[in-house]
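Asker: Chains as they are written, first to last, in our numbering: chain U, -8 to 213; chain H, -8 to 213; chain Y, 57 to 287; chain S, 57 to 287.
C-beta atoms are modelled at their ideal positions from N, C-alpha and C, and glycine is treated no differently.
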Amino acid sequence: MSDDKTPDPRRRMVARAAREIAPGMVVNLGIGLPTQVVDHLPAGFPVCLHTENGMAGIGPTLPAAEADRNLIDAGGAYVSPIPGSAYFDSAVSFALVRSGRLDLTMLGAFEVAETGDLANWKIPGRFSPGAGGAIELAQKARRVVVLTTHTDRKGNPKLLARCTLPLTATAHVARIFTDLAVVDITPGGFALRELARGITAREVQEATGAPLALPAGDIPTF
Amino acid sequence: MSDDKTPDPRRRMVARAAREIAPGMVVNLGIGLPTQVVDHLPAGFPVCLHTENGMAGIGPTLPAAEADRNLIDAGGAYVSPIPGSAYFDSAVSFALVRSGRLDLTMLGAFEVAETGDLANWKIPGRFSPGAGGAIELAQKARRVVVLTTHTDRKGNPKLLARCTLPLTATAHVARIFTDLAVVDITPGGFALRELARGITAREVQEATGAPLALPAGDIPTF
Amino acid sequence: MTSLPDKTASIEAAIAAVPDGATIMVGGFGVPGTPFTLLRELLRQGQTGLTLIKNDANETGMGLDHLIAAGRVRKLIATHIGLNAHAIAAMNEGRLEVEFCAQGILAERIRAGGAGLPAILTDIGLDTELAAGKQRVEVEGRPLLVETALRADAALIHADRADRFGNLAYVATARNFNPLMAMAARLVIAETETLLPLGGLPPDAVETPGVFVDRICPLTEISEEYGVVRR
Amino acid sequence: MTSLPDKTASIEAAIAAVPDGATIMVGGFGVPGTPFTLLRELLRQGQTGLTLIKNDANETGMGLDHLIAAGRVRKLIATHIGLNAHAIAAMNEGRLEVEFCAQGILAERIRAGGAGLPAILTDIGLDTELAAGKQRVEVEGRPLLVETALRADAALIHADRADRFGNLAYVATARNFNPLMAMAARLVIAETETLLPLGGLPPDAVETPGVFVDRICPLTEISEEYGVVRR
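1) Show which residues of chain U have a CB atom less than 7 Å away from the CB atom of Asn114(S).
2) Could you compute how far the alpha carbon of Leu123(Y) sits from the alpha carbon of Ala82(U)?
3) Who are the near neighbours of Leu205(U) in its chain, counting only those whose CB is closer than 7 Å to its CB and skipping five residues on each side?
4) When you compare the CB of Met(-8)(U) with every CB in chain S, is at least one pair closer than 8 Å?
5) Against chain H, with Cβ distances strictly below 8 Å, would Gly83(Y) count as a contact?
6) Roughly how far, in whole angstroms, is the beta-carbon of Pro25(U) from the beta-carbon of Met97(U), given that I think they are within contact range, below 8 Å?
7) So with Cβ pairs under 8 Å, would you call Asp183(S) a contact of chain H?
8) Can you give me the C-alpha to C-alpha distance between Arg188(H) and Val18(H), rounded to a whole angstrom?
9) Mind listing the chain U neighbours of Asp209(S)? Cutoff is C-beta to C-beta under 8 Å, in chain order.
10) CA-CA distance, Cys157(Y) and Pro211(H)?
11) In whole angstroms, what is the alpha-carbon distance linking Ile190(H) and Glu115(S)?
12) Tell me which same chain residues have a C-beta within less than 6 Å of the C-beta of Val74(Y), skipping the five on either side of it?
13) Grab me the residues of Ala129(U)'s own chain with a C-beta within less than 8 Å of its C-beta, minus the 5 sequence neighbours each way, in chain order.
14) How would you list, in chain order, the residues of chain S whose beta-carbon sits under 8 Å from the beta-carbon of Ala240(Y)?
15) Beta carbons nearer than 7 Å to chain Y: which residues of the segment 112 to 131 of chain U have them?
16) So, does the segment 75 to 86 of chain S touch the segment 96 to 112 of chain S, judging by three or more C-beta pairs under 8 Å?
17) Our contact map puts Ala65(H) next to Gly124(H) with C-beta atoms below 8 Å; I'd like the distance itself, whole angstroms only.
18) Output yes if chain H places a C-beta closer than 8 Å to the C-beta of Thr58(Y); else output no.
19) Cβ closer than 7 Å: which chain S residues qualify as neighbours of Cys39(U)?
20) In whole angstroms, what separates the C-alpha of Lys190(S) from that of Thr178(S)?
21) Using a Cβ-Cβ cut-off of 6 Å (strictly less than) and excluding sequence neighbours within five positions of Ala180(S), which residues of its own chain qualify?
22) Just to check my reading of the structure: Leu156(H) and Lys113(H) have Cβ atoms closer than 8 Å, yes? What is that Cβ distance to the nearest angstrom?
23) Buried or exposed: which applies to Ala163(S), given that a residue is buried once 16 or more other Cβ atoms fall within 10 Å of its Cβ?
24) Answer yes or no: do Asn234(Y) and Val262(Y) have a C-beta to C-beta separation smaller than 8 Å?
25) Under three-state DSSP, which class holds His142(Y)?
26) Considering only their Cβ atoms, is the gap separating Ala215(Y) from Gly169(Y) smaller than 8 Å?
27) If the cut is a Cβ gap below 9 Å, which residues of chain Y does Leu158(U) touch?
28) According to the neighbour-count rule (16 or more other Cβ atoms, all chains shown, within 10 Å of its Cβ), is Ile80(Y) buried or exposed?
29) Starting from Phe168(H), follow its DSSP beta bridges and name the residues at the other end.
30) Measure how close the beta-carbons of Ala143(S) and Ile137(S) come, nearest whole angstrom, since I'm counting them as under 8 Å.
31) Can you pull the chain S neighbours of Thr155(H), defined as C-beta to C-beta under 9 Å?
32) Find the residues of chain Y that neighbour Glu102(U), judging by a C-beta separation of less than 7 Å, and give them in chain order.
33) Please state the DSSP three-state secondary structure of Asp143(U).
34) By a C-beta neighbour count over all protein chains shown, 10 Å radius and 16 as the cutoff for buried, is Ile167(H) buried or exposed?
35) Pull up the CB-CB distance for Thr199(H) and Phe213(H), whole angstroms please, since I reckon it's below 8 Å.
36) Can you check whether the CB of Ala208(S) is closer than 8 Å to the CB of Ala241(S)?
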């Protein structure tokens, strides 16, 4: 189902991110917003979804009453197989990530720098549960994109010149999907690519902690 | 079947070596004479036989007419499973060897030194097909014993002060079974433990290229 | 024809061989594959001063959490303990030492231990604080981290099916770290939901060869802890 | 619900993607697991200047030997070629460069390639001539050899069963190097004795996840080469 028409900017961001997935890709969707991307893919879309705890070919999430106690994704949701799914151990699961077989990962973020650095696992003194599989996903997926609100709860920008929090990986983020815009990481820093409906480039720049290059001509909306 | 009574000294050597295997051991028998050791174990003897190409729990060798084309041992013999056998890949097969799960290996030898060094894979200019799994077996089995004729075809000793051929591993051989004797490697060098029937300690010393410590009192025979 | 020895043991006897101060690997990623019954018995017997190696710290009130709450755990090597507020509090208060690894590197360090490799070289985490204090080497002009192998005194494994020689098979995402840990400890203890006779597990269906397993403990009951978590 | 793509291909088309000068991993230990049909097609198409990575060189007149005899192989990385007198002669006459590895280290180097690890550290062969020329590092006071990962342009794999996504299962000792090589190449081509529809291989029975496999080629015939060798 496509939700490009929904008035909820987060849903539109997630729907837009779903269009980043090309047929035949192997994709890992991080916990939180990224997981919702799958709901925006057309039925029967050919993509292999990977989860770190040892599965390729994730099928629909199941309610507790229908769940298999032995079948979860890395976020703890009860999932199901599809025809052609495979289970494997944790070493094989990350062999897939590190050896270049993961085409795309979509991750959440605390901060993203204009250099493509990502911080998404630790806020010293407040939040330090460990990085899980995030470091390898962020460092080794062929394409790393981030889904995040453009600012934090206090309105502070999450897209920055430099990250202030402990890094997950350096220079690997290629693109950021937010509730306001689609922003690419380029050799010159952040570049605005698309705007959420009703948002202006100026509003995006004001919510961004580093310079934002604007495209020539009209800016597409999502 | 026990062949301790056979007049063939090689068969007696192999039968004696079979008594080196304790119940419950995991054992790898090298190509050639060592493979024959299994024929001298009592029926139903509890031992797990390993082969490098990916099997634990080797059952009887089969003639071509009964063979499974997909089931061989590392020497190319067609083998069969027993209840509880397992197949695995080549990485797991040597994980078993290197991590200390292989209790005993019995190997052939070109030369064994009084220090426990072994040369059994290469004769420069004459024989260099590659070491296969021999280096890891010789270096990592918990106990490494050698089965070999005491001298080569020309009558030259194979038990030497120092190996002259390229080494397989250093200082890992614990015991040598030959057609003449059972010889241990000790901190002091070769030590005679047992004699083949009809052989004297002096004959063993003459066929050995380094000093041989004799036990006090009677020397057991096999 | 040779035969294969029987390694079945009672859970009490198997766990009794684990001493105070032991380093113990514990299978599981969240609930699936966690050997809850072996952990219960470890709690009951009282071994203390333990170093545990597990992907996570389970959730509060489950599995590993019982041991942490009882003060039995000196150190935890893990990748993520975000679902266990007790563990995070114990860490923050200095009652529990926690060493974090990248998840796939934890898997590889355990696998290296099981494969008899002293260490692996990787670029994972090179630019992060997880690289702090780790030896670096340059190979073919590339800086790499030395990640040393992990081995344990004991590994506690949860299998779906097993035979009496200790050949194991897992199910779905309950596999996770279990086959890796089942190769990397001096004493490998596996609990199994179903115990099969020798030959009951076809040789091609074996996921952990019995050669690596020391004790096989059939479960008489699948307790609530193994069930679906209703959040 | 998503679906999984179909990767079936003809043997001709699959092998046509392998260029001259390629480094190619070839599964099999002796006869079992050797992809004889893929090798035949490689011989027919004529790619040359190849570097092959295989446990052994098969026997004379079989598998790899055809390529060596036709002068297509520049270099062979192997553990033991004792059953192929042609290969030994070609090596001794300088027509074929051979790099020997300890068998389990060859397996680990390939596995490291498939696991995205640049290298492993080991003490295997430290006192032998196989250590010559290899980088040494000291870790925790222990001298170790750096064994670098192997990756290939293509891997030729023999499976017993496979589905259309490329999930593979092997049988008996035909497994050997196949699952390792099936993770370690840019282009992984698997021939299969039986092709199953999606869902025909239960997710727990998959030995190589289809994620690693690029082309799946059903065999229409099991030629004599796959049979029992009568010596």
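Answerer: By the coordinates alone:
1) Here the premise fails: no neighbours, minimum Cβ distance about 28 Å.
2) 26 Å
3) Leu183, Ala192
4) Any answer about Met(-8)(U) is weak, because its pLDDT of 43 lies below 50 and its placement is not dependable; what the coordinates show is given next. Taking Cβ atoms only, chain S never reaches closer than 8 Å to Met(-8)(U), which makes this a no.
5) no
6) 4 Å
7) yes
8) 27 Å
9) Those within 8 Å of Asp209(S) in chain U number zero; the least Cβ separation is about 13 Å.
10) 57 Å
11) 42 Å
12) Gln103, Ala210
13) Thr96, Leu98, Leu109, Asn111, Val135, Thr159, Ala160, His163, Val164
14) Residues of chain S passing the Cβ test: none, with the nearest at roughly 15 Å.
15) Pro120, Gly121, Ala122, Gly123, Gly124, Ile126, Glu127, Gln130
16) yes
17) 7 Å
18) yes
19) Leu60, Val267
20) 11 Å
21) Sequence inspection shows Ile at residue 180(S); the Ala mentioned does not correspond to that position. Within the same chain, Ile180(S) has close Cβ partners Ala158, Ile161.
22) 6 Å
23) buried
24) no
25) helix
26) no
27) Asp183, Thr184, Glu185
28) buried
29) Leu138(H), Val173(H)
30) 5 Å
31) Those within 9 Å of Thr155(H) in chain S number zero; the least Cβ separation is about 13 Å.
32) Under the 7 Å cutoff, chain Y gives no residues; its nearest Cβ is about 14 Å from Glu102(U).
33) coil
34) buried
35) Actually they do not touch by this definition, with Cβ atoms about 17 Å apart.
36) yes
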